[in-house]
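Step one of this worksheet: look at the structure below.
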Amino acid sequence: MSLIDVRHLSKTYARRAETVTALRDVTLKAEPGEFLCLLGVSGCGKSTLLKILAGLEPHSEGTVLVDGRHLQGPHADAAVVFQEHGLFPWMTTRRNVEFNLKARGTGARERRRVAEAMIETVGLSGFSEKYPHELSGGMRQRVGIARALTTNPKLLLMDEPFGALDAQTRSAMQGELLRLWQARRTTVLFVTHSVSEAIVLADRVVVMTPRPGRIRTIIPVDLPRPRDTTAPAFNALVRRALAELHDDLAEAAQ
Numbered sequence: 001m002s003l004i005d006v007r008h009l010s011k012t013y014a015r016r017a018e019t020v021t022a023l024r025d026v027t028l029k030a031e032p033g034e035f036l037c038l039l040g041v042s043g044c045g046k047s048t049l050l051k052i053l054a055g056l057e058p059h060s061e062g063t064v065l066v067d068g069r070h071l072q073g074p075h076a077d078a079a080v081v082f083q084e085h086g087l088f089p090w091m092t093t094r095r096n097v098e099f100n101l102k103a104r105g106t107g108a109r110e111r112r113r114v115a116e117a118m119i120e121t122v123g124l125s126g127f128s129e130k131y132p133h134e135l136s137g138g139m140r141q142r143v144g145i146a147r148a149l150t151t152n153p154k155l156l157l158m159d160e161p162f163g164a165l166d167a168q169t170r171s172a173m174q175g176e177l178l179r180l181w182q183a184r185r186t187t188v189l190f191v192t193h194s195v196s197e198a199i200v201l202a203d204r205v206v207v208m209t210p211r212p213g214r215i216r217t218i219i220p221v222d223l224p225r226p227r228d229t230t231a232p233a234f235n236a237l238v239r240r241a242l243a244e245l246h247d248d249l250a251e252a253a254q
């Protein structure tokens with residue numbers, strides 16, 4: 001059974017005297033343990049789709065199932081990581097990582113045990129008592145990912161989590177994310193504007209049209225990991241994805 005099963009999904013917003021359609025007739029499946037990237041220009045509905053799958057927004061038409069169940073609002077199967085890490089500045093690393101567990105009523109001793117183990121997993125041992133302002137951008141995103149994974153979600157939804165990082169840190173975080181994903185095999189849906197990032201990370205790249213967002217094509221990435229970004233096969237996939245986006249990028253630049 002597919003973990004994500006979206007059928008003929010549409011999302012419309014009412015704005016004063018008009019309606020705006022963000023998504024139209026989207027059909028998509030993701031299998032357990034699969035890594036998908038959503039790729040498209042700004043405003044094509046990528047983030048809206050993530051919010052719907054997290055149960056943070058209702059859809060207007062169609063069917064949305066996660067692990068075989070219809071969504072009825074926020075649910076325990078999904079965790080979300082946004083571009084802005086969303087850490088609480090008055091909390092230490094450990095207390096930020098513990099937050100979702102505390103919200104679920106997990107006892108203090110178990111919270112600490114799980115949080116410390118996850119902090120070690122993301123390579124931040126020794127930083128448990130540091131505050132967000134004492135951490136680099138990449139470290140803050142590691143804390144955000146650790147917090148998302150403490151509850152063992154079946155689905156990890158990531159909305160441009162590395163978009164604000166410099167190129168070197170972004171590349172390091174891509175490798176770190178893949179290490180965590182290969183160890184845990186959580187299903188990942190990852191939004192990005194970067195074609196090369198999508199090819200580095202994904203099993204399949206879902207290319208979306210401008211608003212109203214539809215799925216233009218899905219590109220399988222049948223390359224071994226870790227991926228060599230200088231290899232001809234890698235760059236052929238980059239060129240293919242860019243070709244799919246060419247007209248949209250040209251229009252967005254006008």
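So in the UniProt record's numbering, the last spot in the sequence shown is 254, and the numbers never skip.
All C-beta atoms, glycine included, are put in the ideal place defined by N, C-alpha and C.
Best match in the options for proximity to residue i [C-alpha to C-alpha]
| i | options | result |
| --- | --- | --- |
| Ala172 | Asp247, Lys154, Thr187 and Leu201 | Leu201 |
| Asp203 | Gly213, Asp5, Phe190 and Met158 | Phe190 |
| Val114 | Val122, Val143, Glu98 and Arg104 | Glu98 |
| Leu165 | Arg112, Asp247 and Gln141 | Gln141 |
| Arg214 | Val41, Arg112 and Gly126 | Val41 |
| Pro23 | Arg95, Lys11, Ala167 and Gly43 | Note on identity: in this sequence residue 23 is Leu, with Pro being the wrong assignment. With distances taken between Cα atoms, Leu23 lies closest to Lys11. |
| Ala167 | Leu180, Ser194, Arg185 and Gly144 | Ser194 |
| Gly43 | Glu57, Thr209, Gly107 and Asp25 | Thr209 |
| Arg7 | Thr63, Tyr13 and Leu53 | Thr63 |
| Val26 | Ala17, Thr19, His59 and Val20 | His59 |
| Met118 | Glu57, Ala183, Tyr131 and Glu61 | Ala183 |
Whether residue i touches residue j by CB criterion (8 Å)
| i | j | result |
| --- | --- | --- |
| Gly55 | His70 | no |
| Gly68 | Pro212 | no |
| Phe234 | Arg227 | yes |
| Val205 | Ile219 | yes |
| Asp5 | Leu65 | yes |
| Ala78 | Pro153 | yes |
| Thr169 | Ser128 | no |
| Leu156 | Val188 | yes |
| Gly123 | Gly86 | no |
| Leu30 | Leu3 | Note that residue 30 is Ala in the sequence shown here, rather than Leu. Contact flag set, yes. |
| Leu28 | Val207 | no |
Where residue i falls, given that 16 or more other Cβ within 10 Å makes a residue buried
| i | result |
| --- | --- |
| Thr230 | exposed |
| Met1 | exposed |
| Trp90 | exposed |
| Arg147 | buried |
| His133 | exposed |
| Phe88 | exposed |
| Lys102 | exposed |
| Arg104 | exposed |
| Arg186 | Before going on, a small fix: residue 186 reads as Thr here, not Arg. The residue is buried, with at least 16 neighbouring Cβ atoms inside 10 Å. |
| Arg111 | buried |
| Leu36 | buried |
Rounded distance between the beta-carbons of residue j and residue i, thought under 8 Å
| i | j | result |
| --- | --- | --- |
| Gln174 | Glu197 | 7 Å |
Residues near residue i by beta carbon distance below 6 Å, same chain, minus five either side
| i | result |
| --- | --- |
| Gly163 | Gln83 |
| Met158 | Val81 and Phe190 |
| Asp222 | none |
Same chain, Cβ closer than 7 Å to residue i, five either side skipped, listed in chain order
| i | result |
| --- | --- |
| Ser47 | Asp159 and Val191 |
| Arg225 | Leu178 |
Neighbour flag for residue i against chain D, beta carbons, 8 Å
| i | result |
| --- | --- |
| Pro210 | The chain inventory of the structure shown lacks chain D, comprising one protein chain alone. |
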